[in-house]
Amino acid sequence: MSACRRLISLRNLNGIHPCNSTYITSCRLNSTDQHERHHPGVTPPGKLKRYMVNKLMNFYEKSENHVVLRYPKVYKIYRTFKTGMVGFFHDFKIYYRVTTELWGGKDLSDFSRVELEVYTHLPKAFWRLTPLLVVSGIPFGSSVFPLAYMFPRLLLSHHFWTPEQRIQFYTQDLKKQIEHYNPIIQSLKFHSRHITDENLQKKIRKIVGKLEHHVLPTTDEILQVKSLFHGSPYHIDRISITYLRHLAKSYGMSLRRKKLKQSILLLLYTDKAMVKEGIPTLLNHELERACFVRGLNPIGLRREERITFLIRWTQISENIDESSISLLLHSPVLLTSAQPTNLSLKKKKSRWQKESEET
Numbered sequence: 001m002s003a004c005r006r007l008i009s010l011r012n013l014n015g016i017h018p019c020n021s022t023y024i025t026s027c028r029l030n031s032t033d034q035h036e037r038h039h040p041g042v043t044p045p046g047k048l049k050r051y052m053v054n055k056l057m058n059f060y061e062k063s064e065n066h067v068v069l070r071y072p073k074v075y076k077i078y079r080t081f082k083t084g085m086v087g088f089f090h091d092f093k094i095y096y097r098v099t100t101e102l103w104g105g106k107d108l109s110d111f112s113r114v115e116l117e118v119y120t121h122l123p124k125a126f127w128r129l130t131p132l133l134v135v136s137g138i139p140f141g142s143s144v145f146p147l148a149y150m151f152p153r154l155l156l157s158h159h160f161w162t163p164e165q166r167i168q169f170y171t172q173d174l175k176k177q178i179e180h181y182n183p184i185i186q187s188l189k190f191h192s193r194h195i196t197d198e199n200l201q202k203k204i205r206k207i208v209g210k211l212e213h214h215v216l217p218t219t220d221e222i223l224q225v226k227s228l229f230h231g232s233p234y235h236i237d238r239i240s241i242t243y244l245r246h247l248a249k250s251y252g253m254s255l256r257r258k259k260l261k262q263s264i265l266l267l268l269y270t271d272k273a274m275v276k277e278g279i280p281t282l283l284n285h286e287l288e289r290a291c292f293v294r295g296l297n298p299i300g301l302r303r304e305e306r307i308t309f310l311i312r313w314t315q316i317s318e319n320i321d322e323s324s325i326s327l328l329l330h331s332p333v334l335l336t337s338a339q340p341t342n343l344s345l346k347k348k349k350s351r352w353q354k355e356s357e358e359t
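Counted the way the UniProt record's numbering counts, the sequence shown spans residues 1 to 359.
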């Protein structure tokens, strides 16, 4: 008799899958049920996607020699593209394999941190590269490469960015996300009035007070109020649409409640894999990206400080399950809003804003 361990709903990867939605049912099955191990809503990338990717690769290889001969000055751009192409196709292979194995019944907990990160971020990269994929079969399509190089943030994925561009673009994204921190803090404060347990109410208000005064709450203080995110008033299914939108934008995730749950659940499994493999084993650029994804501006921080932050972050996420996933949604605000490097990114308040707050 099979024993189903849990039902995990993952996002539809921004439309890359041919199906409308992606559901992953992870079950422990005995030998008599092995035919049921496949996940009914998960399929490998379709033939069209694979054709487009292969077409792009062939197009690039053929056009490279042409550009070297006729446009030697432009070849410097192509060298950057070559590195990006290698990275993109490497990730696409990982994405294809992970999706195929999920379709075959593999559990999310069986994948590595890198595999889960690629599975999370490649769909967005794919759609950014769509113009390149479209023109790959058009005559004189090579002209799009210099154009894309001029607008890397719009037309290229992170595989093609220089280290300087990555820092610049990640920082720009984080600045936009930080703008939603204060509304979230105020929502935490507002909804605390609905808490019937006086002890829990005092604890969450103490945390809010610290955040308002740019003081970080301790890990223990945060975990002591976990039950409030498991149920009323901060559970993801019980908060207002406005509140939810601020939470989603603080991560740069989907504004749809269902997709948001799926995305944050995938981050939870990535955290678990990161702890399992050892946070100190991350390379410097991996540490940097991991901090940006979790809402911390790592620029100006030493390697040890970045590791300390991720250890503190995972001390929270290790105590979170699917029922309390809302706490992970609030974690960037709880763990980074008072960080000096984040405060340096906040927009200065105008004179009328300060006066309105005082009144």
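Backbone N, C-alpha and C define an ideal beta-carbon position, used for all residues, glycine too.
From a predicted model like this one, the values you see are computed outputs, not experimental measurements.
For residue i, the three-state DSSP class (helix, strand or coil)
i           : result
H235        : coil
N319        : coil
D220        : helix
M274        : helix
D173        : helix
H191        : helix
I279        : helix
A148        : helix
R97         : helix
P332        : helix
F111        : coil
D91         : helix
L345        : coil
V135        : helix
R128        : helix
W253        : Note that residue 253 is Met in the sequence shown here, rather than Trp. M253: coil per DSSP, three-state reduction.
E117        : helix
N297        : coil
G209        : helix
residue 363 : The displayed coordinates of the chain run from 1 to 359. Any statement about residue 363 would go beyond what the structure contains.
K82         : helix
residue 368 : This structure cannot speak to residue 368, because the chain is shown only from 1 to 359.
R245        : helix
K259        : helix
W313        : helix
T25         : With a pLDDT of only 31 at T25, under the threshold of 50, the placement of this residue in the model should not be trusted; the figure read from the coordinates follows. The answer is strand: DSSP assigns T25 an E or B state.
T308        : helix
R153        : helix
R302        : coil
E198        : helix
residue 389 : Outside the shown range of the chain (1 to 359) lies residue 389, about which nothing can therefore be said.
Anticipated Cβ contact below 8 Å, residue i with residue j, distance rounded
i    : j    : result
P152 : Q165 : 6 Å
L260 : A290 : Incorrect: roughly 20 Å between the Cβ atoms, too far for contact.
S192 : V215 : With 8 Å as the limit, S192 and V215 do not qualify as a contact, their Cβ atoms being about 17 Å apart.
I195 : P233 : 7 Å
Y251 : S187 : About 15 Å separates the two Cβ atoms, so there is no contact after all.
I307 : P280 : 6 Å
S337 : I185 : 7 Å
L268 : L228 : That belief does not hold up - the Cβ atoms of L268 and L228 are roughly 18 Å apart, past 8 Å.
K258 : S324 : At roughly 18 Å, the Cβ-Cβ gap does not stay under 8 Å, so K258 and S324 are not in contact.
N284 : R312 : Contact doesn't hold; Cβ gap of about 19 Å is too wide.
V118 : D91  : 5 Å
V333 : Y149 : Going by Cβ atoms, the distance from V333 to Y149 rounds to 36 Å, so no, they are not a contact pair.
P131 : L102 : P131 to L102, Cβ: 29 Å. No contact.
C-beta neighbour in chain B for residue i, strict 8 Å
i    : result
S324 : Absent from the structure: chain B. Only one protein chain is present.
Nearest residue (CA-CA) to residue i, options the options
i    : options                : result
P298 : I167, R97, Y181        : I167
G300 : L345, T83, P131, H191  : L345
F160 : T242, K82, Y170        : K82
I94  : G87, K106, E115, T80   : E115
T218 : S109, F89, Q315, D321  : Q315
D271 : L228, L108, R97        : L108
P163 : E286, I195, M253, P340 : E286
L282 : G104, V98, T100, S112  : S112
M274 : E318, Q186, I241, F292 : E318
D321 : I279, L334, Q262, R294 : Q262
K202 : E305, V293, L156, E221 : E221
R245 : F88, E179, L343        : E179
L328 : V293, L343, R306, T341 : V293
M253 : H90, P123, F89         : P123
L343 : G84, E212, Y269, F169  : E212
F264 : F92, T120, T99, F89    : The displayed chain sequence assigns Ile, not Phe, to residue 264. That would be T120, whose Cα lies nearest to the Cα of I264.
L296 : F92, G104, Y170        : Y170
R238 : V134, S326, V86, G84   : S326
Q177 : K249, L129, V134, E117 : K249
F88  : I204, W127, E305, E101 : W127
S157 : E305, S240, T80        : T80
L129 : Q224, Y96, M85, L102   : M85
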